[in-house]
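**Student:**
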Amino acid sequence: MQTMLGKPALQYFGKLSRYLYKNGEPINIWVYSRNSSFSVIPKNGLLSPKITQRFYQNSSIQYQKDKNIYEPKENLEEKELSEGFLDESRLEIPEAGHNWEKSFFGLSSQPFSKEICDLLTAPLEVDDIEIKPDGILYLPEIKYRRILNKAFGPGGWGLAPRGNTNVTSKSVSREYALVCHGRLVSVARGEQTYFDPEGIATASEGCKSNALMRCCKDLGVASELWDPRYIRVFKRENCVEVFVENVLTKKRRKLWRRKEDKFSYPYKEV
Numbered sequence: 002m003q004t005m006l007g008k009p010a011l012q013y014f015g016k017l018s019r020y021l022y023k024n025g026e027p028i029n030i031w032v033y034s035r036n037s038s039f040s041v042i043p044k045n046g047l048l049s050p051k052i053t054q055r056f057y058q059n060s061s062i063q064y065q066k067d068k069n070i071y072e073p074k075e076n077l078e079e080k081e082l083s084e085g086f087l088d089e090s091r092l093e094i095p096e097a098g099h100n101w102e103k104s105f106f107g108l109s110s111q112p113f114s115k116e117i118c119d120l121l122t123a124p125l126e127v128d129d130i131e132i133k134p135d136g137i138l139y140l141p142e143i144k145y146r147r148i149l150n151k152a153f154g155p156g157g158w159g160l161a162p163r164g165n166t167n168v169t170s171k172s173v174s175r176e177y178a179l180v181c182h183g184r185l186v187s188v189a190r191g192e193q194t195y196f197d198p199e200g201i202a203t204a205s206e207g208c209k210s211n212a213l214m215r216c217c218k219d220l221g222v223a224s225e226l227w228d229p230r231y232i233r234v235f236k237r238e239n240c241v242e243v244f245v246e247n248v249l250t251k252k253r254r255k256l257w258r259r260k261e262d263k264f265s266y267p268y269k270e271v
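In this note's numbering, the protein residues as written are 2 to 271.
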């Protein structure tokens, strides 16, 4: 990101950290807005004083000398969002409710009914399981939601964010609590990578779905997908590893697919 962001963009991206130079010295500039914050380091490091001045005119900025400007990008610590992507009104807790950001109410207090347990731990349908090209089995995130809706009913469960959203130059992560029938069941941190700052909002949703999948492991949902023996048998009976060629680059590699599926463009089997 090497161009100036106007106010609408700043309101979307939140507080943007930029490393610039002033009078020959590196400084760390924080651009504040009402919603959120994240850190990004410009690829070329040096931005002109003119751009710096335009930032100052269009945003609320404070800057300070940063002695660690030359630290490698991969060693920089994550910058935690002070507000997250949600409005602060989410912190208003009803008098009779629980603050699920901190509460562990109901954890391991009693098991769910046999009917609910049977729905949660039911064996997966073979047609529901997908395989990634690298050979990893997975269950689409929407099917985790269908299982929870079937077991607890729509509105009978929910994901409560715990803590703030962490956004680095490559990924988004946040901790969530799975609450079912009014009591906490599991806590897990979701994560999602992104390749363009404009995809941060989408990545935050992927982060939430990833946390849901991890929480569902504690309920026994889709537990087969973490069983090495089941994985080997499923891949042997339902999947195949084939050589494919990228029609654009002409490079060949081995990828996995289900036996009844075919690869789509730009890959073709050879």
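All residues carry an ideal CB built from backbone N, CA and C; glycine is no exception. If you're wondering where the values come from, they're calculated on a predicted model, not measured in any experiment.
1) Taking the C-alpha atoms as reference points, what is the distance between residue 226 and residue 131?
2) Does the ligand ZN have a heavy atom nearer than 7 Å to the CB of residue 121?
3) Is the distance from the Cβ of residue 191 to the Cβ of residue 171 below 8 Å?
4) Using a Cβ distance threshold of 8 Å, determine whether the stretch 136-145 contacts the stretch 210-223, with at least three qualifying pairs required.
5) Give me the Cα-Cα distance between residue 123 and residue 221, rounded to the nearest whole angstrom.
6) Three-state secondary structure (DSSP) at residue 167?
7) Look at the Cβ atom of residue 219, then the Cβ atom of residue 187, and state whether they are nearer than 8 Å.
8) Would DSSP call residue 124 helix, strand or coil?
9) Identify, in the order they occur along the chain, each residue of the same chain with its Cβ nearer than 8 Å to the Cβ of residue 195, setting aside the five sequence neighbours on each side.
10) Confirm, please, whether the CB-CB distance from residue 180 to residue 101 is below 8 Å.
11) Are three or more beta carbon pairs between the stretch 229-247 and the stretch 158-166 nearer than 8 Å?
12) With distances taken Cα to Cα, identify the nearest neighbour of residue 261 among 151, 236, 114.
13) Which residue marks the beginning of the alpha helix (DSSP H) containing residue 207, and which one marks its end?
14) With a threshold of 16 other CB atoms inside 10 Å of the CB of residue 91, please say whether the residue is buried or exposed.
15) How many angstroms separate the CA atom of residue 76 from the CA atom of residue 169?
16) What does a CB cutoff of less than 8 Å around residue 184 pick up in its chain, not counting 5 residues either side in sequence?
17) Spatial neighbours of residue 252 within its chain, please: C-beta separation below 8 Å, excluding the five flanking residues on both sides.
18) In or out: residue 249 buried (at least 16 other Cβ within 10 Å) or exposed?
19) Taking Cβ positions, are residue 128 and residue 140 nearer each other than 8 Å?
20) Would you report the Cα separation of residue 103 and residue 160, rounded to the nearest angstrom?
21) In chain order, which alpha helix (DSSP H) runs of at least 4 residues are fully inside the stretch 213-260?
22) So, at 8 Å on beta carbons, what are the nonlocal neighbours of residue 269 in its own chain, with the 5 sequence-adjacent residues on each side left out?
23) Hey, quick one: how far does the alpha helix (DSSP H) through residue 270 stretch, first residue to last?
24) Return the first residue and the last residue of the beta strand (DSSP E) that residue 108 is part of.
25) Helix, strand or coil, according to DSSP, for residue 195 in the structure here?
26) Would you call the CB atoms of residue 272 and residue 238 closer than 8 Å?
27) How would you label residue 266, buried or exposed, when you count the other beta carbons within 10 angstroms and need 16 or more for buried?
**Tutor:** The relevant details are as follows:
1) In this structure, the CA atom of residue 226 is about 10 Å from the CA atom of residue 131.
2) Absence of the ligand ZN is noted for the structure shown, with no ligands found whatsoever.
3) No. Outside cutoff.
4) Result yes; three or more Cβ-Cβ pairs closer than 8 Å.
5) C-alpha separation (whole angstroms): 9 Å.
6) Assigned with DSSP and collapsed to three states, residue 167 falls in strand.
7) A contact, by the Cβ cut-off of 8 Å.
8) In this structure, residue 124 counts as coil in the three-state DSSP scheme.
9) Excluding positions up to five away in sequence, the list reads 171, 172, 173, 201, 203, 204.
10) Their beta carbons are under 8 Å apart, which means residue 101 touches residue 180 by this criterion.
11) No, they do not touch.
12) Among 151, 236, 114, the Cα nearest to that of residue 261 is on 236.
13) Unbroken alpha helix (DSSP H) run through residue 207: 201-218.
14) For residue 91, the predicted model reports a pLDDT of 47, less than 50, meaning its position is unreliable and no value from the coordinates is stated.
15) With a pLDDT of only 44 at residue 76, under 50, the local geometry of the prediction cannot be trusted, and no value is derived from it.
16) Non-local beta-carbon contacts of residue 184 in its own chain, meaning distances under 8 Å to residues more than five positions away in sequence, involve 106, 107, 108, 110 in chain order.
17) Shown here for residue 252: same chain residues with a beta carbon closer than 8 Å to its own, the five before and five after excluded, namely 246 in chain order.
18) Residue 249 is exposed by the Cβ-count criterion.
19) No, the pair does not count as a contact, with Cβ atoms beyond the cut-off.
20) Cα-Cα distance, rounded: 13 Å.
21) DSSP runs (the alpha helix (DSSP H)) wholly in the stretch 213-260: 229-239.
22) Excluding sequence neighbours, residue 269 sits near 245, 246, 248.
23) Annotation for residue 270: no alpha helix (DSSP H) segment contains it, though the beta strand (DSSP E) segment containing it runs 268-270.
24) Counting along the chain, residue 108 sits inside no beta strand (DSSP E), nor does DSSP assign it H or E at all.
25) In the structure shown, residue 195 adopts coil according to DSSP, grouped into three states.
26) Outside the modelled stretch of the chain, which goes from 2 to 271, sits residue 272, for which no answer is possible.
27) Exposed.
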